[in-house]
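To keep things clear, I will list the structure first and then write my remarks on it.
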Amino acid sequence: MDDLPMSIFFAAVRIAQIIPPIQIVIGTIGNVFNIILFTRPSLRINPCSMYFLVGSINNFVFIYLFLLTDYLSNVWNVNIPQNTQLLCKLISIIRYILFSLRLWFPVLASIDRFLSSSSKVEYRRLSSLSTGKRAIVGIYIFFLLLHAHIPIFFEQVPYFDDYICGISSYEYYIFYNVFEPFMACILPIVLMCIFGMLIIRNVRSTRNRVVPYGNNVKNERLRSNDRHMIRMLLFQIFITILISIPYVATTTYYTLTIIIFGHDFTPLELMIYRLTSIITRYLYDTSLITGFYIYTLASGKFRSELKSCLLKGLNVVLIKLQLYKNSYQ
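Take 21 as the starting number for the sequence shown in our numbering and just add one per residue.
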């Protein structure tokens with residue numbers, strides 16, 4: 021029986037060695053393509069594209085600032101210096117703002133699609149690029165203020181013969197382990213469920229509604245883009261909820277069982293919990309990388325834009341190669 025905890029430990033180590041590099045590579049490709057495609061003229065006119073674009077930028081930055089550095093630190097013991105209190109506090113607040121916002125951009129997109137699919141004209145008018153820009157700036161400011169307590173309580177704390185950036189106050193540790201999962205996971209998932217159902221209701225109730233725009237061709241193109249955006253978003257909401265629920269369950273279990281009720285794990289229970297938490301966290305981190313692949317599967321419009329982008333890129337490469345070849349002939 022003593023061998024079982026060690027077997028679980030080595031399984032956790034192996035997972036930590038294998039999964040992050042795959043996520044980093046796949047996430048880099050997907051988010052770079054998202055950034056390119058959502059800035060193309062045919063997609064960037066839709067306010068929902070703005071949320072997808074900024075969400076992809078947020079995910080890309082998080083991958084390289086924190087997912088990569090955590091992997092290097094945990095697996096290869098390559099630590100990024102945080103040897104001052106100021107650096108510790110600054111890195112902590114940036115980390116947790118970016119971490120929290122990864123699910124909030126789909127929430128903003130779902131609110132936008134709810135507004136755009138509404139039968140009420142005043143609601144549809146709120147779905148605009150100007151509203152989107154204000155919402156994006158506003159949510160960054162809101163989360164900066166919401167996480168203002170992090171620089172106060174995060175500091176360098178002793179860890180064996182070294183110091184790490186962490187929490188020294190036990191009371192704040194309890195608060196933080198309730199606050200962060202709620203704001204980063206539970207609340208956005210609930211809102212995505214609510215607005216996802218409202219979008220479906222709006223689409224069903226307004227399917228045959230005729231919108232009196234003067235330019236019917238332009239109107240049909242805009243509505244076609246709206247339909248593609250709604251399909252992409254609903255698919256993303258469904259996948260995001262599926263991959264987030266295990267992480268929410270594990271985090272809630274940890275908060276209630278260990279922190280609040282003070283349950284002491286046996287060595288076997290501890291190893292099982294650690295393995296489970298690693299698996300569910302890596303599953304949750306796939307929310308950083310799945311957007312591009314979800315959009316590609318869900319939308320013919322997105323696939324068409326991707327194909328056009330790839331063909332243009334290939335054409336540029338071939339022209340450059342031909343010029344290079346001609347220069348040496």
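C-beta atoms are modelled at their ideal positions from N, C-alpha and C, and glycine is treated no differently.
Query	Result
Chain-order list of residues whose beta-carbon lies under 7 Å from that of Y71 (same chain, five-residue window excluded)	F125, L128, A129, D132 and G152
Distance, S307 Cα to L262 Cα	10 Å
Pairwise C-alpha distance: S328 and L338	15 Å
For S69 and S62, the rounded distance between their alpha carbons	10 Å
Simplified DSSP state of G186, which is helix, strand or coil	strand
Endpoints, the alpha helix (DSSP H) within which V74 is located	P67 to F82
Which of helix, strand or coil DSSP assigns to V141	helix
Presumed contact (8 Å Cβ cut-off) between P208 and L123, rounded CB distance	4 Å
Distance, I111 Cα to N79 Cα	16 Å
Minimum C-alpha distance to S27 - residue among G333, I292, L146 and L276	I292
P178 - partner residues in DSSP beta bridges	Y183
Three-state secondary structure assigned by DSSP to T296	helix
For R243, three-class secondary structure by DSSP	helix
Closest Cα partner of Y114 within the set H167, V177, T89 and L254	According to the sequence as given, residue 114 is Ile; it is not Tyr. Ranking H167, V177, T89 and L254 by Cα distance to I114 puts H167 first.
Burial state of P40, where buried means 16 or more other Cβ atoms lie within 10 Å	buried
Spatial distance of Q342 from L87 (CA atoms)	39 Å
Neighbour-count burial assignment, E191, 16 or more Cβ in a 10 Å radius	exposed
Exposure label - F30; buried when at least 16 CB within 10 Å	exposed
C-beta atoms of L326 and T316 nearer than 8 Å	yes
The segment 194-214 touching the segment 256-274, judged by at least three CB pairs closer than 8 Å	yes
Own chain, CB closer than 6 Å to M21, minus 5 neighbours either side, in chain order	Annotation note: pLDDT 47 at M21 (below 50); position unreliable, no value reported.
Buried versus exposed call for H248 [16 or more other C-beta atoms within 10 Å across all chains shown]	buried
Within 8 Å, strictly: CB atoms of F163 and L121	yes
Per-residue burial, A269 [other beta carbons within 10 Å of its own, 16 or more giving buried]	exposed
Rounded C-alpha distance that separates V336 from Y116	40 Å
Rounded C-alpha distance that separates L165 from I159	10 Å
Per-residue DSSP class, three states only, for L135	helix
Whole-angstrom C-beta distance between T59 and S139, which should lie under 8 Å	About 31 Å separates the two Cβ atoms, so there is no contact after all.
Chain-order list of residues whose beta-carbon lies under 8 Å from that of S188 (same chain, five-residue window excluded)	F173, E175 and V177
Separation of L290 from I161, as counted between CA atoms	38 Å
C185 to I170 span [Cα, whole Å]	11 Å
7 Å Cβ shell around P266 - same chain, five flanking residues per side excluded	T300 and L303
Y157, buried or exposed, once every other Cβ within 10 Å from all chains shown has been counted against 16	Looking at the sequence provided, one finds Val at residue 157 rather than Tyr. Counting Cβ neighbours within 10 Å, V157 comes out exposed, since fewer than 16 surround it.
Cut-off 8 Å between Cβ atoms - residues of its own chain near L118, not counting five sequence neighbours on either side	N78, V81, F82, L85 and F86
Contact belief for F134 with L73 at Cβ below 8 Å, rounded distance in angstroms	About 19 Å; that fails the 8 Å criterion.
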